[in-house]
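Residue numbers (this note's numbering): 1090 to 1316.
Beneath this line is the structure, given in structure tokens, with notes to follow.
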């Protein structure tokens, strides 16, 4: 059962909101890039999957480091900076086109991965450290719920944008590589939708950084329990 008291404290509610917004910002990134690599660039699924590795590797490398730094500098600063770095990567994706170099895309993925890694560990640590021991399981579940909800919303929003930017026939021409004469039109429409989706993700990442920075002080659960 969801404990609504977790959402009544400013620190936790803002941490959860920033988790949701970050999920919306980055949830569809790999999803959109797979469409880009396979559909627009014509790369096979295995190579497309390998090209997405920099995002995961960067996040995996930074997460434990940011967790250690959290003990020294606090979650508020590190989480907010992480979201801004992630926004920088999304800003780079806003310039994506058919001729974008692999190196450029890898750099954008690394920035997004580093930012996500810098956000997740301190933010999770902040949540776990500021709830009573008997509420930590629920707190972790709520965090996961907000994160998953954000990622689902991200894919839904992104696909709505892509679908409204390109006709079904053009989408088929792009991904099935049929009707070659219409491929240029399909690619142009797809890239336009892709840029719009990344722009919205960028905005959500900035809002998430702002909300993360506004988190308050630790709630005084012990005193409330004594009362």
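Virtual Cβ for every residue (Gly too), placed ideally from N, Cα, C.
Between which two residues does the alpha helix (DSSP H) carrying residue 1177 extend?
1164-1182
Same chain, Cβ closer than 7 Å to residue 1154, five either side skipped, listed in chain order:
none
Smallest Cα separation from residue 1214: which of 1093, 1131, 1105, 1094?
1105
Answer with buried or exposed for residue 1125, where buried requires no fewer than 16 other C-beta atoms within 10 angstroms of its C-beta.
buried
When DSSP labels each residue in this structure, what does residue 1226 get in the three-state scheme?
helix
Determine the direct distance from the alpha carbon of residue 1100 to that of residue 1224, and round the result to whole angstroms.
15 Å
For residue 1285, which of helix, strand or coil comes out of DSSP?
helix
Check whether the stretch 1121-1141 and the stretch 1218-1235 touch, using three or more Cβ-Cβ pairs below 8 Å as the test.
no
Top-ranked residue by Cα proximity to residue 1121, from 1140, 1110, 1107:
1140
Which full runs of the alpha helix (DSSP H) of 4+ residues lie inside the stretch 1183-1258, going along the chain?
1191-1218, 1225-1254
Just how far apart, CA to CA, sit residue 1219 and residue 1193?
40 Å
Is the CB-CB distance between residue 1294 and residue 1172 below 8 Å?
yes
Would you report the Cα separation of residue 1284 and residue 1208, rounded to the nearest angstrom?
24 Å
Assuming residue 1119 is part of the alpha helix (DSSP H), what are its boundary residues?
1118-1124
Take residue 1180 and list the residues in its own chain whose beta-carbon comes closer than 7 Å to its own, dropping the five residues that flank it on each side.
1291
Identify whether residue 1098 lies in helix, strand or coil by the three-state DSSP scheme.
coil
Residue 1268 (DSSP reduced to helix, strand or coil)
Caution applies to residue 1268, whose pLDDT of 43 falls short of 50 and renders its modelled position unreliable; the value that the coordinates give is listed next. Coil at residue 1268, not helix or strand.
Closest by C-alpha distance to residue 1162, when choosing among 1212, 1144, 1115
1212
May I have the straight-line CA-CA distance separating residue 1270 from residue 1304, to the nearest angstrom?
Legend: pLDDT at residue 1270 = 43, less than 50; position of this residue unreliable, value from coordinates given subsequently. Distance between the alpha carbons of residue 1270 and residue 1304: 53 Å.
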